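Residues in the sequence shown are numbered from 11 upward in steps of one, following the working numbering. Just so it is clear, CB atoms sit at the ideal spot from N, CA and C, and this is done for glycine as well. What you are looking at is a predicted structure, and each value in this text was computed from that prediction instead of being measured.
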Amino acid sequence: MTLPNFFIIGAEKAGTTSLYNYLAEHPQIFMSPVKEPRYFSHDPARSRTQKWGHQVTDPAVYESLFAGVRGETAIGEASPNYFSTPRASAAIRAQLPQARFIVSLRNPVDRAYSMYWMLRRNYVWTRRFEEEIEGVFDELRAAGVELETLLAPEDFPFRLTAYLYKGLYALHLRRWFALFARPQFLLLRFEDIERDPAAVSRLAYEFLGVDSEYSLKNREAFGRSGEVQRPRLFRAIQNFRYGAFLRRLIPPWLVLRARNRLVDLSLGGYPPMDQATRARLVEFFRPDILETEKLLGWDLQSWLE
11 MTLPNFFIIG AEKAGTTSLY NYLAEHPQIF MSPVKEPRYF SHDPARSRTQ
61 KWGHQVTDPA VYESLFAGVR GETAIGEASP NYFSTPRASA AIRAQLPQAR
111 FIVSLRNPVD RAYSMYWMLR RNYVWTRRFE EEIEGVFDEL RAAGVELETL
161 LAPEDFPFRL TAYLYKGLYA LHLRRWFALF ARPQFLLLRF EDIERDPAAV
211 SRLAYEFLGV DSEYSLKNRE AFGRSGEVQR PRLFRAIQNF RYGAFLRRLI
261 PPWLVLRARN RLVDLSLGGY PPMDQATRAR LVEFFRPDIL ETEKLLGWDL
311 QSWLE
């Protein structure tokens, strides 16, 4: 039975799709063909009420994702919801205590804004971001709890966890660090992934013990958010399947590059965030940002601006 020995665990909207594709290109790394199985965040008691996205819940199906391993030494998957899901860290600790983890962190205010544009694109939401955040703080007051106490965040309104809870990095890091040794983690900054994907990939290669001299071919960013400007093109790209016939003719990295450029054509940018909304979010995240600075020894003052 082959199971992963490393995970890209988050944070969501912090470059995990790019990391997944960069690592999948390396000949000594096998990545699950399903990028986000979300297997270890699965709660059997809630399987019938799962509403957001798809989840692999059957152990045999999960194992089958790694049936294609042919001598690769680093075997991984990328489920960024693991980072902020308490049951995921405990479940991995119970089954794969020697696993390694790659974590990418992004300014939590920008992460929330990117999440909004992804949700707006995928679920055709029409409320302005400012209205969304106002609603989220209303939900937080109505819940009458501290986000730090949530052990089952899916019990609470989805937007509350999507925009706020998932960005409390120190909270989630403390949980993971309590279960696994610090050398089992590679911690990255989203800005570095965007600026120099080849250098970040080399760090990941070294961390995973594979050939760090491999030259990354596809250095484009993946998984970016934005407003859909060409709906038909976007839907066609989303429904495209890279079958066995094409695999024999075209290298996977080249297909990904072409697909990524078509996504760029279908999406527009998004406007700057309202400054009052940004200031409100900065103040919400400030204590956790300062705690993250202490935990990691990073300078995160730019996140407080």
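Contact set for residue i: own chain, Cβ-Cβ below 8 Å, skip 5 residues either direction
i, result
"A104", "none"
"G219", "T83, A84"
"R137", "G145"
"T302", "L115, Y179, A180, L183, W308, L310"
"S312", "N117"
"L150", "L157, L170, L174"
"N132", "none"
"A77", "T12"
"R185", "P96, S99"
Classification of residue i by the beta-carbon crowding that lies within 10 angstroms, buried from 16 upward
i, result
"M11", "exposed"
"S89", "buried"
"K23", "buried"
"E158", "exposed"
"G20", "buried"
"V66", "buried"
"R192", "exposed"
"G307", "exposed"
"E216", "exposed"
"G154", "exposed"
"P282", "exposed"
"P54", "exposed"
Residue of the options minimising C-alpha distance to residue i
i, options, result
"L75", "L13, K304, A286", "L13"
"P118", "Y280, L33, L178", "L178"
"Y49", "A34, V79, Y32, T95", "T95"
"Y173", "I203, R205, R130", "R130"
"F187", "P107, A214, E156", "P107"
"R80", "E87, E46, P37", "P37"
"A289", "K45, D120, G86", "D120"
"Y280", "Y123, L150, E46, V44", "Y123"
"F294", "L310, Y175, D202", "Y175"
"K45", "P54, A55, R185, H64", "H64"
"I203", "D148, A77, N228", "N228"
Contact set for residue i: own chain, Cβ-Cβ below 6 Å, skip 5 residues either direction
i, result
"Q60", "Here the model assigns Q60 a pLDDT of 44, short of 50, so the residue's position is not dependable, and the following value carries that caveat. Contacts found: none."
"R116", "A24, F200"
"D284", "E140"
"D68", "none"
"A98", "F50, S51, Y92"
"R110", "F16, Q194"
"M125", "K23, A172"
"Y224", "H36"
Coil, strand or helix - residue i by DSSP
i, result
"V113", "strand"
"R80", "coil"
"R97", "helix"
"W62", "Confidence is the limiting factor: at W62 the pLDDT is only 44, short of 50, which leaves the residue's position unreliable, though a coordinate-based value still follows. It is coil, neither helix nor strand."
"F190", "coil"
"F195", "strand"
"E315", "coil"
"G177", "helix"
"A55", "helix"
"N219", "Position check: residue 219 holds Gly in this sequence, whereas Asn was assumed. Three-state result, G219: coil."
"E158", "helix"
"E22", "coil"
"E87", "strand"
"F295", "helix"
"M11", "coil"
"F168", "helix"
"M41", "strand"
Same chain only: Cβ atoms within 7 Å of residue i, ignoring 5 sequence neighbours per side
i, result
"L4", "A query on residue 4 cannot be resolved here, the shown segment of the chain reaching from 11 to 315 and no further."
"W62", "With a pLDDT of 44 at W62, under the threshold of 50, the predicted position of this residue should be treated as unreliable, though the coordinate-derived value follows. Within the same chain, W62 has close Cβ partners F168."
"L5", "Outside the displayed range of the chain (11 to 315) lies residue 5, so it cannot be described from this structure."
"P47", "V66, Y72, L75, E87, S89"
"S222", "R212, Y215, E216"
Nearest-angstrom beta carbon gap, residue j and residue i [assumed within contact, 8 Å]
i, j, result
"V146", "L170", "5 Å"
"L196", "L305", "Actually they are not in contact, since the Cβ atoms of L196 and L305 sit about 15 Å apart, beyond 8 Å."
"L29", "I18", "5 Å"
"I102", "L198", "Contact flag wrong, Cβ pair sits at about 19 Å."
"A100", "L189", "7 Å"
"I143", "T287", "5 Å"
"S42", "E87", "4 Å"
Residue-chain proximity (residue i, chain B), Cβ-Cβ < 8 Å
i, result
"V220", "The question asks about chain B, but that chain is absent: this structure has only one protein chain."
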